[in-house]
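First to last, the protein sequences are chains X and W. The numbering used here applies: residue 1 is where the first sequence begins, and numbers increase by one. The numbering used here applies: residue 1001 is where the second sequence begins, and numbers increase by one. Report on one structure; see the data block that follows.
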Amino acid sequence: MDFLRPASWQEALAAKAEHPTAVPIAGGTDVMVEINFDHRRPEYLMDLNRIADLTEWEVGEDTVRLGASVPYTRIMEHLRAELPGLALASHTVASPQIRNRGGVGGNLGTASPAGDAHPALLAAGAEIEAESVRGSRRIPIDAFYTGVKRNALAPDELIRAVHIKKADGPQQFSKVGTRNAMVIAVCAFGLALHPGTRTVRTGIGSAAPTPVRATTAEEFLNAALDEGGLWDNGKIVPPSVAKRFADLCSAACNPIDDVRGTASYRRHAVGVMARRTLTWTWESYRGTRRTTEGVA
Amino acid sequence: MTEHSSGPSRTPTRAATGPGPAGTPLGAPSTLTQGAPASGGIGESTLRPDGTLKVTGEFAYSSDLWHEDMLWGQILRSTVAHAEIVSIDTSEALALPGVHAVLTYDDLPTGTRHYGLEIQDTPVLAHGKVRHHGEPVAVVAADHPETARRAAAKIRVEYRDLPVVTDEASALAPDAPLVHEDRDDDHSRHVAHPNIVHRQPIVRGDVARARERADIVVEGEYTFGMQDQAFLGPESGLAVPEEDGGVHLYIATQWLHSDRRQMAPVLGLPEDKVRMTLAGVGGAFGGREDLSMQIHACLLALRTGRPVKIVYNRFESFFGHVHRHPAKLSYEHGATRDGKLTHVTCRIVLDGGAYASASPAVVGNASSLGVGPYVVDDVEIEALALYTNNPPCGAMRGFGAVQACFAYEAQMDKLAERLGMDPVEFRRLNAMERGTVMPTGQVVDSPAPVAELLRRVKAMPMPPERQWESSEGADVRQLPGGLSNTTHGEGVVRGVGYAVGIKNVGFSEGFDDYSTARVRMEVAGGRPVATVHTAMAEVGQGGVTVHAQIARTELGIGQVTIHPADTRVGSAGSTSASRQTYVTGGAVRNACRLVREQVLELGRRRFGSYHPAWATAELLLEGGKVVTDGGEVLADLVDVLGDEAVEAEEEWRHRPTEPFDPHTGQGNGHVQYTFAAHRAVVEVDTGLGLVKVIELACAQDVGKALNPLSVIGQIQGGTVQGLGVAVMEEIVVDPRTAKVRNPSFTDYLIPTILDTPDIPVDMLELADDHAPYGLRGVGEAPTLSSTPAVLAAVRDATGLELNRTPVRPEHLTGTG
Chain X
1 MDFLRPASWQ EALAAKAEHP TAVPIAGGTD VMVEINFDHR RPEYLMDLNR IADLTEWEVG
61 EDTVRLGASV PYTRIMEHLR AELPGLALAS HTVASPQIRN RGGVGGNLGT ASPAGDAHPA
121 LLAAGAEIEA ESVRGSRRIP IDAFYTGVKR NALAPDELIR AVHIKKADGP QQFSKVGTRN
181 AMVIAVCAFG LALHPGTRTV RTGIGSAAPT PVRATTAEEF LNAALDEGGL WDNGKIVPPS
241 VAKRFADLCS AACNPIDDVR GTASYRRHAV GVMARRTLTW TWESYRGTRR TTEGVA
Chain W
1001 MTEHSSGPSR TPTRAATGPG PAGTPLGAPS TLTQGAPASG GIGESTLRPD GTLKVTGEFA
1061 YSSDLWHEDM LWGQILRSTV AHAEIVSIDT SEALALPGVH AVLTYDDLPT GTRHYGLEIQ
1121 DTPVLAHGKV RHHGEPVAVV AADHPETARR AAAKIRVEYR DLPVVTDEAS ALAPDAPLVH
1181 EDRDDDHSRH VAHPNIVHRQ PIVRGDVARA RERADIVVEG EYTFGMQDQA FLGPESGLAV
1241 PEEDGGVHLY IATQWLHSDR RQMAPVLGLP EDKVRMTLAG VGGAFGGRED LSMQIHACLL
1301 ALRTGRPVKI VYNRFESFFG HVHRHPAKLS YEHGATRDGK LTHVTCRIVL DGGAYASASP
1361 AVVGNASSLG VGPYVVDDVE IEALALYTNN PPCGAMRGFG AVQACFAYEA QMDKLAERLG
1421 MDPVEFRRLN AMERGTVMPT GQVVDSPAPV AELLRRVKAM PMPPERQWES SEGADVRQLP
1481 GGLSNTTHGE GVVRGVGYAV GIKNVGFSEG FDDYSTARVR MEVAGGRPVA TVHTAMAEVG
1541 QGGVTVHAQI ARTELGIGQV TIHPADTRVG SAGSTSASRQ TYVTGGAVRN ACRLVREQVL
1601 ELGRRRFGSY HPAWATAELL LEGGKVVTDG GEVLADLVDV LGDEAVEAEE EWRHRPTEPF
1661 DPHTGQGNGH VQYTFAAHRA VVEVDTGLGL VKVIELACAQ DVGKALNPLS VIGQIQGGTV
1721 QGLGVAVMEE IVVDPRTAKV RNPSFTDYLI PTILDTPDIP VDMLELADDH APYGLRGVGE
1781 APTLSSTPAV LAAVRDATGL ELNRTPVRPE HLTGTG
């Protein structure tokens, strides 16, 4: 195994072009496990830790440009207001030590359906800034996950950053595991209210071959909220609507039975989390609306 | 550290682990010298000499051993559970540069090629077939661990699959494959089928007649999942070949002499050429009673003439030791309307997996303790262990009594409910006490405060409700799901449950359960110092602390050195069965008393003529001096000893026990009984089926707490291990293939600190007059009652029947 240590982003892109099988490593929280367990023996390992740019973030007008290697701890500490869903998800990642090392770029690169960041990114809305020697492009998050542990990156591309929409309303994230900390998701759910566009977005983790949005549920809820004038009148979401939304989120799952949980449980739990996170965010929206006249 | 009377330093010291005398590996244990404030004797909470080292990461574990020129061993394990081995081709592995040896069954040096704790049924390396997933097939030694791994991967093993035996139905079916074809062990003669390792019935009274008196009868079927010891520090050790053709093994184990007894015949060496030294042990919980890499490392060292180190990683560790027996349990309990038990019948089927390990003794415990700490005159009990192609199961904290306790306590709750009685009052009404006759006919002849423990645990204050509520909203750390943020109080229901259990202490059924201690006293640095030398495995239980306390109490001095445990002294028996403080503690006490007699004799010889009290008074050793029982100082020990060292050795035994009758189960089989009771308070998110244990209060009789801090640590640790198997811990084995599905800490979950509740402990000290200082074994009892208490609390919260453990979210949400 050859160890590549590019000193700059340009060097990294050149190395990746030369060795498309090179596996990038930043925090190593996925890659090192695979190497230690002998599940994977890449020909080239490319250490991105010398590229300082990858651990930086910029808060723009509408989006946050989050460097691929910004550790989860930083997201929790510094971006709780701009990226509340991702901050909550970050807090559920493994242990403090791992949160100090791991970042969103690794989650996206691995593209495991169990990655904790995915539901929050799907719900918030995001684009992945992918780059190669051929140039840079933005991949919408909805088009990024292409299969079990597969993503839309070309072999010569690296993830440089993620552009995530700044929260314009409440966001929530819930994750089920069978212990109270340090656990891989049995299933997870992210929900974001976007009062600006009067839409609700969702993200489901570990309950389908890839992270997915519950688009039918979103469409149903968006219509119901519109129809009831709820964005304006701030009334509670009728229980029948919340229940239907939860059922549609369950229906968006395509889970399996595995050692962590049954398919039936995952469908059920996603429904429960959908209903609860809708309640929490909507209550929060109603509260914010009352105190700030609807300006998030 | 100035005067004898002020006592020596509080800070434990440890010789630096630099390169030792020639031939001693780095990371090998050195002596532990402990001083103590005040007297530092028994009953005080002196601190562990290795505690700070472990917390700061300086403690040398067996995986830290290092020797110049050492090779690394690697084991190739079977990828299937049950298969014929058609061929093994090691040529590619041997051809790899850096590889020094590749051994298979055919390379074993003698005709003894099997080992085992009770039945020698386990091949050192697989022969002809493999019987479980992960069975050792070949071993490799190479100059780098990575090379050894690569080489093992190059060994070509061709398997021809055999049908798997995975449960009682498949094990006892008419055409069932036999896991062991040619059994000739002692148990094989009295079992009905060769796939039954051992069966123990216990019959007492007349159940048929007693049943007629019962106003209420409840039946239940229960399932107990496979728990792993999940100890700190995976299996590891270092074998160093010696000039006389022998071998010296530095090893993390629970019983050096038992290992050596099994190893020597396979190595073709007399026992005195197999030297053993205990290396740093992380934990054990029963998982180090069987051999793991001991023979493999020694074989490779003897073959290559080089030191060989083997270290399992966590994945391999899941295959490298036995687990707690999963069990199916069927119970029938009867009671009169006024709440007195009439009878109990039970059938306990333990899955022993592919090799016997400790299964026969586990069967003995499960059967003899099968009705729990209750007075019942009419019982019919049957316990048996199966041979299957599942992972081998054997010793784990609680040892057969854990599975039974889970089931009989569920039954007691069911009965109480049917009777309309409070579950604690119903238990108290039937609680055993001193003088109660066990189902085996054994009369309990020491305190058995079962009713009192229940009363105490119930009387503890309840934790406040809704602790998650704060002015800033819900504190999710206080809620089921924790930081995963699954509820802010929605669906959360509190439940409370109680349980009590009974465990035996020490090795039972006629086993010659002894321990050896050698104690030496001499003057060093101008002070009297004692050295305690035993072969006791310190696996975290605190023997190294307690032995020093005993020596201080018996010899009246402050400075005590604990010699590394090795085979240069006689056997200390196993660090298991809650027995070490009792048995090796007893040996240390008696050896100290022999030393004391010799010291006094020396004093009489040297100073007897100076004071008449030397001849007439009762003499004691206190504060480094010889004193009369009236408190008069006769001499300083420094002067009594002079240049002489006084040494004594004691081989100490507890009261003998008897085997159980193979047909009736009658016999005085156990040494001592120990009891703990728990109250569990849980909060269950009924929407998601997630459980948070809020509090696990425990009351336990410990006879005499030699070190109260250590005792409370044992009780809290045992409680958490019981919590683990209540709500998360289970090795999942695929019933079609008998392969392990979750051999990692990613998917075998153990409680984190966020899963660990408050554990208030109410410690009772009712002396057992038969035991040293009146003490009672502590370590296992809390593991028994913790699990059923949690399950009872979850049932209370949810109203669900819940007849299996661990309980998983799908069981609580009907989505299984």
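In this text, a Cβ means the ideal position worked out from N, Cα and C, and glycines have one as well. Since the structure is predicted, the reported quantities are computational estimates derived from the model, not experimental observations.
### Message
Please classify W:Gly1717 as buried or exposed, where buried requires at least 16 other C-beta atoms within 10 Å of its C-beta.
### Response
buried
### Query
Should W:Asp980 go down as buried or exposed, given a rule of 16 or more other Cβ atoms within 10 Å for buried?
Here chain W has residues from 1001 to 1816 only, and residue 980 of chain W is not among them.
### Message
Short of 6 Å in beta carbon distance, which residues of its chain neighbour W:Ala1451, apart from the five on each side in sequence? Order them along the chain.
### Response
Arg1428 and Ala1431
#### Entry: chain W contact residues for X:Val176, given Cβ-Cβ distances below 8 Å
Gly1481, Ser1484, Thr1486, Leu1688, Leu1690 and Pro1809
### Query
Are W:Leu1232 and W:Val1544 closer than 8 Å when you measure CB to CB?
no
### Task
Any chance you could list the alpha helix (DSSP H) runs of at least 4 consecutive residues sitting entirely within the stretch 1379-1435 of chain W, in chain order?
1401-1419 and 1423-1430
### Message
Looking at the strands, I want to know which residues DSSP matches up with W:Asp1758.
### Response
W:Glu1695
### Task
Count the other C-beta atoms from every protein chain shown that fall within 10 angstroms of the C-beta of W:Thr1013, then say buried if there are 16 or more, exposed otherwise.
Because W:Thr1013 sits at a pLDDT of 36, beneath the cut-off of 50, its placement in the model cannot be relied upon, and the following sentence gives the value as read from the coordinates. It counts as exposed.
### Query
Roughly how many angstroms lie between the CA atoms of W:Trp1072 and W:Gly1687, to the nearest whole one?
51 Å
### Task
Return the first residue and the last residue of the alpha helix (DSSP H) that W:Glu1597 is part of.
Gln1580 to Phe1607
### Task
Return the first residue and the last residue of the beta strand (DSSP E) that X:Gly190 is part of.
Cys187 to His194
### Task
Excluding the 5 residues preceding and the 5 following X:Pro155 in the sequence, name in chain order all residues of the same chain whose CB lies nearer than 6 Å to its CB.
Pro20
### Query
Cβ atoms of W:Thr1166 and W:Asn1390: under 8 Å apart, would you say?
yes
#### Entry: Residue(s) in a DSSP beta bridge with W:Pro1123
W:His1114
### Task
Examine chain X for any beta-carbon lying closer than 8 Å to the beta-carbon of W:Pro1463, and answer yes or no.
no
### Task
Return no unless some Cβ of chain W is closer than 8 Å to the Cβ of X:Asn100.
no
### Message
With three or more beta-carbon pairs closer than 8 Å as the criterion, would you say the stretch 1727-1739 of chain W touches the stretch 1695-1706 of chain W?
### Response
no
### Query
Along the stretch 27-39 of chain X, what residues have a CB closer than 9 Å to any CB found in chain W?
Val33, Asn36, Phe37 and Asp38
### Query
Where X:Ile35 and W:Val1362 are concerned, what is the direct C-alpha to C-alpha distance, given to the nearest angstrom?
39 Å
### Query
In this structure, does DSSP put X:Met32 in helix, strand or coil?
helix
### Query
Taking buried to mean at least 16 other C-beta atoms within 10 Å of its own C-beta, is W:Arg1077 buried or exposed?
buried
### Proximity test, Cβ basis, 8 Å: W:Gly1051 and chain X
no
#### Entry: Beta-carbon proximity list for W:Thr1787, same chain, < 8 Å, skipping 5 on both sides
Val1402, Cys1405, Phe1406, Ala1499, Gly1722, Leu1723, Val1725, Ala1726 and Thr1805
### Message
Using only the alpha-carbon positions, how far apart do W:Pro1037 and W:Ala1517 sit?
### Response
Residue placement at W:Pro1037 is flagged as unreliable, the pLDDT there being 46, under the threshold of 50; the coordinate-derived value follows with that caveat. W:Pro1037 and W:Ala1517: Cα-Cα distance of roughly 25 Å.
### Message
For a quick check, are the C-beta atoms of W:Asn1504 and W:Val1671 less than 8 Å apart?
### Response
yes
### Task
Can you give me, in chain order, the residues of the stretch 252-272 of chain X that have a beta carbon less than 7 Å from any beta carbon in chain W?
Val259, Arg260, Gly261, Thr262, Ser264, Tyr265, His268, Ala269 and Val272
### Query
So, is X:Ile236 buried or exposed, given that buried needs 16 or more other C-beta atoms within 10 angstroms?
exposed
### Message
Once DSSP output is grouped into helix, strand and coil, what is the label at W:Thr1531?
### Response
strand
### Task
Please classify X:Arg275: is it buried, with 16 or more other beta-carbons within 10 angstroms of its beta-carbon, or exposed?
buried
### Message
Would W:Gln1254 and W:Arg1324 be called neighbours here (beta carbons separated by less than 8 Å)?
### Response
no
### Query
Where does W:Met1263 sit, in a helix, a strand or coil, going by DSSP?
helix
### Query
Nearest CA to the CA of W:Gly1491: which residue from X:Gly287, X:Ser284, X:Tyr285 and X:Met273?
X:Met273
### Task
Taking only runs that begin and end inside the stretch 194-227 of chain X, name each unbroken beta strand (DSSP E) of 3 or more residues, in chain order.
199-205
### Query
Taking a cut of 8 Å between CB atoms, which residues from the stretch 156-183 of chain X lie near chain W?
Gln172, Phe173, Ser174, Lys175, Val176, Gly177, Thr178, Arg179, Asn180, Ala181, Met182 and Val183
### Query
Do you know offhand how far W:Ala1792's Cα is from W:Gly1220's?
14 Å
#### Entry: Proximal residues to W:Gln1467 (C-beta, below 7 Å), its chain only, five neighbours per side dropped
Gln1478
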